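Undergrad: The number in the numbering used here is simply the position in the sequence shown, starting from 1, with 80 added. All C-beta atoms in this analysis are idealised placements derived from N, C-alpha and C, irrespective of residue type, glycine included. Keep in mind that this is a model prediction, so the values were computed, not measured. There's a structure below that I have some questions on.
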Amino acid sequence: TQSTGHISVLTEMNIKTIIAFISIVFLFLVVLNDYLIEPQKVKLKSFFPTSPLLLSHRGSRYLTPENTIHAHTWALKLGANVLEFDVRLTKDKRLVVFHDEMVDRVLNANGPVRNFTLEVIQNFDAGYWFTPYNHSRSKHMPESERYPFRGKGLRVPEIKEFLDTFPDVAKNIEIKDPDLLAVDLLWEEFKNRPGILDQVSISSRWCDSIDKIRLLSKYSIATSACEKEVVFYIALTKFHLFNLWHYFKKPVLDAYQIPYFTDGLDLFTSDYIKNAQSTGQRLIYWVVNDQNLMKQMYSQGLGVITDRPDLAVEVLNQLNLTQKHNIPSSVINTTSSFFVPDWSPPETHTCVSVSCVVFKNIWLIAGSVLLGSFVMIGFGKIRTTKSV
81 TQSTGHISVL TEMNIKTIIA FISIVFLFLV VLNDYLIEPQ KVKLKSFFPT
131 SPLLLSHRGS RYLTPENTIH AHTWALKLGA NVLEFDVRLT KDKRLVVFHD
181 EMVDRVLNAN GPVRNFTLEV IQNFDAGYWF TPYNHSRSKH MPESERYPFR
231 GKGLRVPEIK EFLDTFPDVA KNIEIKDPDL LAVDLLWEEF KNRPGILDQV
281 SISSRWCDSI DKIRLLSKYS IATSACEKEV VFYIALTKFH LFNLWHYFKK
331 PVLDAYQIPY FTDGLDLFTS DYIKNAQSTG QRLIYWVVND QNLMKQMYSQ
381 GLGVITDRPD LAVEVLNQLN LTQKHNIPSS VINTTSSFFV PDWSPPETHT
431 CVSVSCVVFK NIWLIAGSVL LGSFVMIGFG KIRTTKSV
(Lines of atoms letter the chains of each structure in order from A and count residues from 1; the text may use other names and numbers.)
(Lines give C-alpha, C1' and ligand atoms only; values in the text may rest on other atoms or scores of the structure.)
Protein backbone atom coordinates (compact mmCIF):
# COMPACT_ATOMS: atom_id res chain seq x y z
CA THR A 1 0.00 0.00 0.00
CA GLN A 2 2.80 2.36 0.96
CA SER A 3 4.70 1.63 -2.25
CA THR A 4 1.56 2.34 -4.36
CA GLY A 5 1.31 5.72 -2.66
CA HIS A 6 4.94 6.49 -3.45
CA ILE A 7 4.42 5.57 -7.12
CA SER A 8 1.35 7.84 -7.32
CA VAL A 9 3.27 10.73 -5.79
CA LEU A 10 6.16 10.18 -8.22
CA THR A 11 3.74 10.06 -11.17
CA GLU A 12 2.14 13.30 -10.00
CA MET A 13 5.55 14.95 -9.71
CA ASN A 14 6.55 13.66 -13.16
CA ILE A 15 3.41 15.06 -14.78
CA LYS A 16 3.89 18.44 -13.09
CA THR A 17 7.54 18.52 -14.11
CA ILE A 18 6.74 17.65 -17.72
CA ILE A 19 4.00 20.30 -17.92
CA ALA A 20 6.28 22.92 -16.36
CA PHE A 21 9.18 22.01 -18.67
CA ILE A 22 7.02 22.11 -21.82
CA SER A 23 5.52 25.45 -20.74
CA ILE A 24 8.95 27.02 -20.12
CA VAL A 25 10.39 25.74 -23.40
CA PHE A 26 7.32 26.92 -25.34
CA LEU A 27 7.46 30.36 -23.69
CA PHE A 28 11.17 30.64 -24.53
CA LEU A 29 10.51 29.73 -28.18
CA VAL A 30 7.67 32.26 -28.44
CA VAL A 31 9.87 35.06 -27.04
CA LEU A 32 12.65 34.01 -29.43
CA ASN A 33 10.20 33.95 -32.36
CA ASP A 34 8.46 37.26 -31.61
CA TYR A 35 11.32 39.46 -30.44
CA LEU A 36 14.80 38.10 -31.04
CA ILE A 37 15.18 36.63 -34.54
CA GLU A 38 14.51 37.53 -38.16
CA PRO A 39 13.37 34.87 -40.66
CA GLN A 40 15.05 34.28 -44.01
CA LYS A 41 13.35 36.02 -46.91
CA VAL A 42 12.23 34.58 -50.22
CA LYS A 43 13.39 36.25 -53.42
CA LEU A 44 10.14 37.11 -55.17
CA LYS A 45 9.83 36.18 -58.82
CA SER A 46 9.40 38.91 -61.42
CA PHE A 47 5.78 37.76 -61.87
CA PHE A 48 4.68 39.88 -58.93
CA PRO A 49 4.12 43.52 -59.89
CA THR A 50 5.04 46.36 -57.56
CA SER A 51 1.48 47.66 -57.93
CA PRO A 52 -1.35 46.19 -55.82
CA LEU A 53 -2.45 42.71 -56.88
CA LEU A 54 -5.96 42.67 -58.32
CA LEU A 55 -6.73 39.11 -59.39
CA SER A 56 -9.98 38.74 -61.31
CA HIS A 57 -11.62 35.54 -60.05
CA ARG A 58 -12.42 33.32 -63.05
CA GLY A 59 -12.38 36.48 -65.13
CA SER A 60 -15.11 38.27 -63.13
CA ARG A 61 -17.77 35.67 -62.56
CA TYR A 62 -20.46 38.01 -61.23
CA LEU A 63 -20.15 40.36 -64.22
CA THR A 64 -19.82 37.91 -67.13
CA PRO A 65 -19.87 34.12 -67.72
CA GLU A 66 -16.88 32.79 -65.78
CA ASN A 67 -13.62 31.57 -67.30
CA THR A 68 -14.56 32.58 -70.83
CA ILE A 69 -12.31 34.65 -73.07
CA HIS A 70 -14.98 37.35 -72.89
CA ALA A 71 -14.87 37.44 -69.08
CA HIS A 72 -11.10 37.76 -68.90
CA THR A 73 -10.98 40.37 -71.66
CA TRP A 74 -13.35 42.60 -69.72
CA ALA A 75 -11.53 41.96 -66.44
CA LEU A 76 -8.45 43.52 -68.03
CA LYS A 77 -10.44 46.42 -69.43
CA LEU A 78 -11.85 47.07 -65.96
CA GLY A 79 -8.37 47.23 -64.45
CA ALA A 80 -7.39 43.75 -63.22
CA ASN A 81 -3.63 43.16 -63.42
CA VAL A 82 -3.72 39.37 -62.95
CA LEU A 83 -6.11 36.92 -64.61
CA GLU A 84 -7.05 34.15 -62.17
CA PHE A 85 -8.37 30.97 -63.75
CA ASP A 86 -8.52 27.18 -63.38
CA VAL A 87 -7.55 24.26 -65.59
CA ARG A 88 -8.96 20.74 -65.80
CA LEU A 89 -8.41 17.64 -67.91
CA THR A 90 -10.90 16.46 -70.51
CA LYS A 91 -11.62 12.87 -71.53
CA ASP A 92 -9.07 13.08 -74.34
CA LYS A 93 -6.36 14.50 -72.04
CA ARG A 94 -6.59 18.15 -73.05
CA LEU A 95 -6.45 21.07 -70.64
CA VAL A 96 -9.46 23.38 -70.56
CA VAL A 97 -10.12 26.53 -68.57
CA PHE A 98 -12.86 25.42 -66.19
CA HIS A 99 -13.40 25.54 -62.43
CA ASP A 100 -15.92 22.93 -61.30
CA GLU A 101 -15.45 19.18 -61.46
CA MET A 102 -19.00 18.98 -62.87
CA VAL A 103 -20.19 21.06 -65.82
CA ASP A 104 -23.80 21.36 -64.62
CA ARG A 105 -23.64 24.81 -62.97
CA VAL A 106 -22.12 26.52 -66.01
CA LEU A 107 -22.92 24.65 -69.23
CA ASN A 108 -26.08 23.29 -70.83
CA ALA A 109 -24.91 19.75 -70.01
CA ASN A 110 -24.46 17.39 -67.07
CA GLY A 111 -21.58 15.33 -65.76
CA PRO A 112 -17.86 15.60 -64.94
CA VAL A 113 -15.51 17.53 -67.23
CA ARG A 114 -13.54 14.30 -67.62
CA ASN A 115 -16.52 12.68 -69.34
CA PHE A 116 -16.24 14.96 -72.37
CA THR A 117 -13.69 15.33 -75.13
CA LEU A 118 -12.44 18.81 -75.98
CA GLU A 119 -14.55 18.90 -79.13
CA VAL A 120 -17.73 17.98 -77.27
CA ILE A 121 -17.24 20.32 -74.31
CA GLN A 122 -16.54 23.24 -76.65
CA ASN A 123 -19.89 22.66 -78.34
CA PHE A 124 -21.70 23.50 -75.10
CA ASP A 125 -22.83 27.03 -74.21
CA ALA A 126 -20.51 28.58 -71.57
CA GLY A 127 -22.94 31.45 -71.00
CA TYR A 128 -26.01 29.27 -70.56
CA TRP A 129 -26.66 29.67 -66.83
CA PHE A 130 -25.14 33.08 -66.18
CA THR A 131 -27.53 35.68 -64.79
CA PRO A 132 -26.75 38.99 -63.11
CA TYR A 133 -30.13 39.08 -61.39
CA ASN A 134 -31.14 37.70 -58.01
CA HIS A 135 -33.87 35.06 -57.92
CA SER A 136 -36.68 37.29 -56.63
CA ARG A 137 -36.18 39.68 -59.51
CA SER A 138 -35.42 37.23 -62.28
CA LYS A 139 -38.05 34.54 -61.67
CA HIS A 140 -40.67 36.52 -63.62
CA MET A 141 -38.35 37.45 -66.49
CA PRO A 142 -38.39 35.72 -69.86
CA GLU A 143 -35.40 33.40 -70.21
CA SER A 144 -33.79 35.54 -72.93
CA GLU A 145 -33.62 38.45 -70.48
CA ARG A 146 -32.82 36.38 -67.39
CA TYR A 147 -29.89 34.63 -69.12
CA PRO A 148 -28.54 37.35 -71.42
CA PHE A 149 -25.47 35.44 -72.67
CA ARG A 150 -27.31 32.34 -73.88
CA GLY A 151 -26.64 31.61 -77.52
CA LYS A 152 -23.96 34.32 -77.81
CA GLY A 153 -21.23 31.91 -78.84
CA LEU A 154 -19.33 31.70 -75.57
CA ARG A 155 -17.49 28.43 -75.06
CA VAL A 156 -14.95 26.72 -72.80
CA PRO A 157 -11.43 27.71 -73.91
CA GLU A 158 -8.54 25.27 -74.20
CA ILE A 159 -5.38 26.38 -72.39
CA LYS A 160 -3.49 26.92 -75.66
CA GLU A 161 -6.19 29.27 -76.96
CA PHE A 162 -6.22 31.12 -73.65
CA LEU A 163 -2.45 31.64 -73.56
CA ASP A 164 -2.45 32.72 -77.21
CA THR A 165 -5.18 35.28 -76.49
CA PHE A 166 -3.43 36.82 -73.46
CA PRO A 167 0.29 36.48 -74.24
CA ASP A 168 1.66 39.43 -72.24
CA VAL A 169 -0.64 39.40 -69.23
CA ALA A 170 0.07 38.13 -65.70
CA LYS A 171 -1.87 34.91 -65.11
CA ASN A 172 -2.55 32.91 -61.94
CA ILE A 173 -3.31 29.33 -62.99
CA GLU A 174 -4.93 26.99 -60.50
CA ILE A 175 -4.51 23.29 -61.27
CA LYS A 176 -7.73 21.58 -60.23
CA ASP A 177 -6.94 17.98 -61.18
CA PRO A 178 -4.85 15.82 -58.82
CA ASP A 179 -3.64 13.93 -61.91
CA LEU A 180 -0.02 14.98 -62.57
CA LEU A 181 -0.72 14.78 -66.29
CA ALA A 182 -2.26 18.25 -65.91
CA VAL A 183 1.14 19.55 -64.78
CA ASP A 184 2.90 17.84 -67.69
CA LEU A 185 0.52 19.32 -70.26
CA LEU A 186 0.82 22.78 -68.73
CA TRP A 187 4.60 22.53 -68.77
CA GLU A 188 4.55 21.52 -72.45
CA GLU A 189 2.64 24.72 -73.20
CA PHE A 190 5.16 26.77 -71.25
CA LYS A 191 8.15 25.21 -73.04
CA ASN A 192 6.92 26.59 -76.37
CA ARG A 193 6.53 30.14 -75.04
CA PRO A 194 9.78 32.00 -74.25
CA GLY A 195 9.44 34.36 -71.29
CA ILE A 196 6.14 32.97 -70.08
CA LEU A 197 7.55 31.80 -66.74
CA ASP A 198 7.81 35.43 -65.71
CA GLN A 199 4.12 35.92 -66.51
CA VAL A 200 2.52 33.05 -64.61
CA SER A 201 2.02 31.92 -61.05
CA ILE A 202 0.79 28.42 -60.24
CA SER A 203 -1.52 27.44 -57.42
CA SER A 204 -3.16 24.17 -56.45
CA ARG A 205 -4.42 22.42 -53.36
CA TRP A 206 -2.48 19.35 -54.53
CA CYS A 207 1.06 19.43 -53.14
CA ASP A 208 2.33 16.83 -55.63
CA SER A 209 1.31 19.15 -58.47
CA ILE A 210 2.99 22.18 -56.91
CA ASP A 211 6.15 20.21 -56.11
CA LYS A 212 6.36 18.91 -59.67
CA ILE A 213 5.99 22.32 -61.33
CA ARG A 214 8.68 23.67 -59.01
CA LEU A 215 11.05 20.88 -59.98
CA LEU A 216 10.29 21.14 -63.72
CA SER A 217 10.97 24.88 -63.64
CA LYS A 218 13.95 24.52 -61.29
CA TYR A 219 12.10 26.79 -58.88
CA SER A 220 12.06 29.64 -61.41
CA ILE A 221 8.26 29.84 -61.62
CA ALA A 222 6.16 31.64 -59.00
CA THR A 223 4.04 29.28 -56.88
CA SER A 224 1.53 29.65 -54.08
CA ALA A 225 1.20 27.37 -51.08
CA CYS A 226 -0.50 24.02 -51.56
CA GLU A 227 -2.98 22.80 -48.94
CA LYS A 228 -0.41 21.24 -46.58
CA GLU A 229 1.77 24.34 -46.80
CA VAL A 230 -1.20 26.53 -45.89
CA VAL A 231 -1.98 24.29 -42.91
CA PHE A 232 1.64 24.54 -41.79
CA TYR A 233 1.56 28.34 -42.18
CA ILE A 234 -1.57 28.55 -40.01
CA ALA A 235 -0.07 26.21 -37.39
CA LEU A 236 3.21 28.12 -37.17
CA THR A 237 1.31 31.39 -36.91
CA LYS A 238 -1.08 30.09 -34.26
CA PHE A 239 1.79 28.84 -32.08
CA HIS A 240 4.08 31.85 -32.73
CA LEU A 241 6.79 29.74 -34.34
CA PHE A 242 6.76 31.08 -37.92
CA ASN A 243 9.87 33.28 -37.67
CA LEU A 244 11.78 30.60 -35.81
CA TRP A 245 11.01 27.97 -38.44
CA HIS A 246 12.05 30.22 -41.32
CA TYR A 247 15.17 31.33 -39.47
CA PHE A 248 16.46 27.81 -40.10
CA LYS A 249 14.55 26.98 -43.30
CA LYS A 250 14.37 29.40 -46.21
CA PRO A 251 10.87 29.57 -47.72
CA VAL A 252 10.43 28.23 -51.25
CA LEU A 253 6.90 29.40 -52.04
CA ASP A 254 6.15 32.94 -53.18
CA ALA A 255 2.61 33.52 -51.94
CA TYR A 256 -0.19 32.32 -49.71
CA GLN A 257 -3.66 32.36 -51.24
CA ILE A 258 -6.15 31.86 -48.43
CA PRO A 259 -9.75 32.74 -47.56
CA TYR A 260 -10.03 35.73 -45.26
CA PHE A 261 -12.55 33.83 -43.15
CA THR A 262 -13.42 30.16 -43.03
CA ASP A 263 -16.33 28.98 -40.92
CA GLY A 264 -15.30 30.63 -37.64
CA LEU A 265 -11.56 30.77 -38.34
CA ASP A 266 -10.46 34.36 -39.00
CA LEU A 267 -7.36 34.45 -41.23
CA PHE A 268 -7.39 38.19 -41.87
CA THR A 269 -5.44 39.16 -38.75
CA SER A 270 -2.21 41.04 -38.05
CA ASP A 271 -0.33 37.82 -37.21
CA TYR A 272 -0.89 36.22 -40.61
CA ILE A 273 -0.13 39.47 -42.41
CA LYS A 274 3.03 40.17 -40.40
CA ASN A 275 4.39 36.66 -40.86
CA ALA A 276 3.95 36.53 -44.62
CA GLN A 277 5.43 39.99 -45.04
CA SER A 278 8.36 39.21 -42.74
CA THR A 279 9.58 36.57 -45.23
CA GLY A 280 8.84 38.72 -48.28
CA GLN A 281 5.99 36.46 -49.40
CA ARG A 282 2.77 37.84 -50.84
CA LEU A 283 -0.47 37.27 -48.96
CA ILE A 284 -3.52 37.13 -51.22
CA TYR A 285 -7.06 36.79 -49.86
CA TRP A 286 -10.05 35.26 -51.61
CA VAL A 287 -12.80 35.87 -52.51
CA VAL A 288 -13.25 39.54 -51.56
CA ASN A 289 -16.27 41.37 -52.98
CA ASP A 290 -16.80 43.90 -50.18
CA GLN A 291 -15.21 47.32 -50.76
CA ASN A 292 -14.55 48.00 -47.07
CA LEU A 293 -12.55 44.78 -46.84
CA MET A 294 -10.75 45.57 -50.07
CA LYS A 295 -9.75 48.97 -48.69
CA GLN A 296 -8.35 47.42 -45.50
CA MET A 297 -6.40 44.83 -47.47
CA TYR A 298 -4.98 47.16 -50.10
CA SER A 299 -3.98 49.64 -47.38
CA GLN A 300 -1.79 46.90 -45.88
CA GLY A 301 -0.15 45.86 -49.13
CA LEU A 302 -2.17 42.65 -49.56
CA GLY A 303 -3.45 41.05 -52.74
CA VAL A 304 -7.14 40.53 -53.48
CA ILE A 305 -8.92 37.89 -55.56
CA THR A 306 -12.35 39.23 -56.44
CA ASP A 307 -15.42 38.55 -58.55
CA ARG A 308 -15.88 42.32 -58.82
CA PRO A 309 -12.81 43.95 -60.39
CA ASP A 310 -15.00 46.99 -61.08
CA LEU A 311 -15.42 47.53 -57.31
CA ALA A 312 -11.76 46.79 -56.58
CA VAL A 313 -10.61 49.41 -59.10
CA GLU A 314 -12.86 52.00 -57.43
CA VAL A 315 -11.11 51.26 -54.12
CA LEU A 316 -7.66 51.51 -55.72
CA ASN A 317 -8.66 54.83 -57.27
CA GLN A 318 -9.75 56.13 -53.84
CA LEU A 319 -6.37 55.08 -52.41
CA ASN A 320 -4.52 56.63 -55.39
CA LEU A 321 -2.96 53.25 -56.14
CA THR A 322 -3.98 52.96 -59.79
CA GLN A 323 -5.18 55.01 -62.72
CA LYS A 324 -8.90 55.31 -63.24
CA HIS A 325 -10.41 53.04 -65.90
CA ASN A 326 -13.32 54.69 -67.62
CA ILE A 327 -15.85 52.37 -69.25
CA PRO A 328 -18.49 54.04 -71.46
CA SER A 329 -21.85 53.73 -69.70
CA SER A 330 -23.50 52.92 -73.04
CA VAL A 331 -21.89 49.47 -73.15
CA ILE A 332 -22.53 48.47 -69.52
CA ASN A 333 -25.36 45.97 -68.93
CA THR A 334 -25.13 44.66 -72.46
CA THR A 335 -23.72 41.40 -73.80
CA SER A 336 -21.03 43.36 -75.61
CA SER A 337 -19.42 43.98 -72.21
CA PHE A 338 -20.65 43.04 -68.74
CA PHE A 339 -23.58 43.34 -66.40
CA VAL A 340 -23.56 45.00 -62.98
CA PRO A 341 -25.14 42.31 -60.79
CA ASP A 342 -27.97 42.83 -58.32
CA TRP A 343 -25.79 41.39 -55.58
CA SER A 344 -22.34 39.89 -54.99
CA PRO A 345 -22.60 37.26 -52.27
CA PRO A 346 -19.34 36.32 -50.55
CA GLU A 347 -17.96 32.88 -51.29
CA THR A 348 -18.47 30.74 -48.21
CA HIS A 349 -15.66 28.41 -47.20
CA THR A 350 -16.69 25.60 -44.88
CA CYS A 351 -14.21 24.30 -42.32
CA VAL A 352 -14.41 20.55 -43.00
CA SER A 353 -10.86 19.17 -42.86
CA VAL A 354 -9.50 17.80 -39.59
CA SER A 355 -6.69 20.37 -39.53
CA CYS A 356 -9.13 23.23 -40.08
CA VAL A 357 -11.38 22.08 -37.23
CA VAL A 358 -8.34 21.68 -34.95
CA PHE A 359 -7.04 25.21 -35.67
CA LYS A 360 -10.50 26.66 -35.27
CA ASN A 361 -10.68 25.22 -31.74
CA ILE A 362 -6.98 25.10 -30.88
CA TRP A 363 -7.12 26.97 -27.58
CA LEU A 364 -10.18 25.03 -26.45
CA ILE A 365 -8.31 21.80 -27.19
CA ALA A 366 -5.15 23.01 -25.43
CA GLY A 367 -7.18 24.09 -22.40
CA SER A 368 -8.96 20.74 -22.29
CA VAL A 369 -5.64 18.85 -22.39
CA LEU A 370 -4.26 21.00 -19.57
CA LEU A 371 -7.43 20.60 -17.51
CA GLY A 372 -7.36 16.85 -18.12
CA SER A 373 -3.78 16.70 -16.83
CA PHE A 374 -4.74 18.44 -13.60
CA VAL A 375 -7.78 16.19 -13.19
CA MET A 376 -5.52 13.14 -13.54
CA ILE A 377 -3.22 14.58 -10.87
CA GLY A 378 -6.24 15.19 -8.64
CA PHE A 379 -7.45 11.62 -9.01
CA GLY A 380 -3.92 10.45 -8.27
CA LYS A 381 -4.01 12.36 -4.96
CA ILE A 382 -7.37 10.87 -4.00
CA ARG A 383 -6.16 7.34 -4.75
CA THR A 384 -2.98 7.94 -2.74
CA THR A 385 -4.97 9.19 0.25
CA LYS A 386 -7.29 6.17 0.15
CA SER A 387 -4.34 3.78 -0.15
CA VAL A 388 -2.68 5.27 2.92
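Label HIS150 either buried or exposed according to how many other C-beta atoms from any shown protein chain fall within 10 Å of its C-beta, with 16 as the threshold for buried.
TA: Per the 10 Å Cβ criterion, buried.
Undergrad: Could you have a look at THR415 and say whether DSSP puts it in helix, strand or coil?
TA: DSSP places THR415 in coil when its eight states are reduced to three.
Undergrad: Give me the Cβ distance between LEU187 and PHE204, rounded to the nearest whole Å; I'm assuming they're in contact under 8 Å.
TA: Right, the Cβ-Cβ distance comes to about 4 Å (below 8 Å), so this counts as a contact.
Undergrad: In or out: LYS96 buried (at least 16 other Cβ within 10 Å) or exposed?
TA: Burial call: exposed.
Undergrad: How long is the line joining the alpha carbons of LEU134 and GLN371, rounded to whole angstroms?
TA: C-alpha separation (whole angstroms): 13 Å.
Undergrad: Tell me which residue opens and which closes the beta strand (DSSP E) that VAL420 is part of.
TA: Where VAL420 is concerned, there is no enclosing beta strand (DSSP E), given that its DSSP letter is neither H nor E.
Undergrad: Out of PRO258, VAL393, ARG194 and SER140, state which residue places its alpha-carbon closest to the alpha-carbon of GLN403.
TA: When each option's Cα is compared against that of GLN403, the closest is VAL393.
Undergrad: Any chance you could list the beta strand (DSSP E) runs of at least 3 consecutive residues sitting entirely within the stretch 216-257, in chain order?
TA: Runs found: 251-255.
Undergrad: Within the same chain, show all residues whose beta-carbon is closer than 7 Å to that of ASP288, passing over the 5 residues directly before and after it, in chain order.
TA: If we look at ASP288 and ignore the five residues flanking it on each side, its Cβ neighbours are LEU260.
Undergrad: Going by other Cβ atoms of all chains shown within 10 Å of its Cβ, with 16 needed for buried, is ILE293 buried or exposed?
TA: Buried, since its Cβ has 16 or more Cβ neighbours within 10 Å.
Undergrad: Spatial neighbours of ILE462 within its chain, please: CB distance less than 6 Å, with the 5 preceding and 5 following residues excluded, ordered by chain position.
TA: Its pLDDT being 48, under 50, ILE462 is placed unreliably by the model, and nothing is read from it.
Undergrad: With burial defined as no fewer than 16 other Cβ atoms inside 10 Å of the residue's Cβ, what is the status of GLU164: buried or exposed?
TA: Per the 10 Å Cβ criterion, buried.
Undergrad: Where do the ends of the beta strand (DSSP E) carrying ILE364 lie?
TA: Looking at the DSSP string, the run of the beta strand (DSSP E) that includes ILE364 is 362-366.
Undergrad: Taking the alpha-carbon positions, what's the ASN272 to TYR142 distance?
TA: In a straight line, the C-alpha of ASN272 is about 33 Å away from that of TYR142.
Undergrad: The beta strand (DSSP E) that contains VAL280, what's its start and end?
TA: Here the beta strand (DSSP E) through VAL280 covers 280-283.
Undergrad: Could you tell me if the beta carbon of TRP366 falls within a distance shorter than 7 Å of some heavy atom in the ligand NAD?
TA: This structure lacks the ligand NAD, and indeed carries no ligand of any kind.
Undergrad: Where ILE301 and HIS137 are concerned, what is the direct C-alpha to C-alpha distance, given to the nearest angstrom?
TA: Their Cα atoms are separated by approximately 21 Å.
Undergrad: In chain order, what residues of the same chain lie with their CB nearer than 6 Å to the CB of PRO258, ignoring the 5 residues before and after it?
TA: Counting only Cβ-Cβ distances below 6 Å, and skipping sequence neighbours, we find TRP286.
Undergrad: Just to confirm, is the Cβ distance from MET374 to VAL367 under 8 Å?
TA: Not in contact: MET374 and VAL367 (Cβ atoms no closer than 8 Å).
Undergrad: Across which residues does DSSP place GLU309 in a beta bridge pair?
TA: GLU309 is not bridged to any residue.
Undergrad: Shortest alpha-carbon distance to LYS123 belongs to which of PRO331, ASN413, PRO408 and LEU345?
TA: Ranking the options by Cα distance to LYS123, first place goes to PRO331.
Undergrad: Between the Cα of TYR327 and those of PHE178, ILE117, ASN252 and PRO421, spot the shortest distance and give me the residue it belongs to.
TA: TYR327 has its Cα closest to that of ILE117, out of PHE178, ILE117, ASN252 and PRO421.
Undergrad: Evaluate LEU295 with the Cβ neighbour count: other Cβ atoms within 10 Å of its Cβ, from every protein chain shown; 16 or more gives buried, anything less gives exposed.
TA: Its Cβ having fewer than 16 others within 10 Å, LEU295 is exposed.
Undergrad: Can you check whether the C-beta of LYS240 is within less than 8 Å of a C-beta belonging to chain C?
TA: Absent from the structure: chain C. Only one protein chain is present.
Undergrad: Should TRP154 be labelled buried (16 or more other beta-carbon atoms within 10 Å of its own) or exposed?
TA: Looking at its Cβ environment, which holds 16 or more other Cβ atoms inside 10 Å, TRP154 is buried.
Undergrad: For SER424, tell me which candidate among LEU396, VAL105 and PRO212 has the shortest Cα-Cα distance.
TA: Nearest of LEU396, VAL105 and PRO212 to SER424, Cα basis: PRO212.
Undergrad: For my contact list, VAL167 and VAL177 are in at a C-beta cut-off of 8 Å; report their separation, rounded to the angstrom.
TA: So it is a contact: roughly 6 Å between Cβ atoms.
Undergrad: How is the beta strand (DSSP E) around THR153 delimited, first residue to last?
TA: Careful: THR153 lies outside any beta strand (DSSP E), inside the alpha helix (DSSP H) at 149-158.
Undergrad: State the Cα-Cα distance for the pair GLU223 and ARG235, rounded to the nearest angstrom.
TA: So the two alpha carbons sit approximately 19 Å from each other.
Undergrad: When the Cα atoms are used, what is the spatial distance from LEU277 to ASP334?
TA: C-alpha separation (whole angstroms): 14 Å.
Undergrad: For ARG168, which beta-bridge partners are listed by DSSP?
TA: Bridge partners of ARG168: VAL176.
Undergrad: Can the beta-carbon of PHE419 be found closer than 8 Å to that of PRO228?
TA: Going by C-beta atoms, PHE419 is nearer than 8 Å to PRO228.
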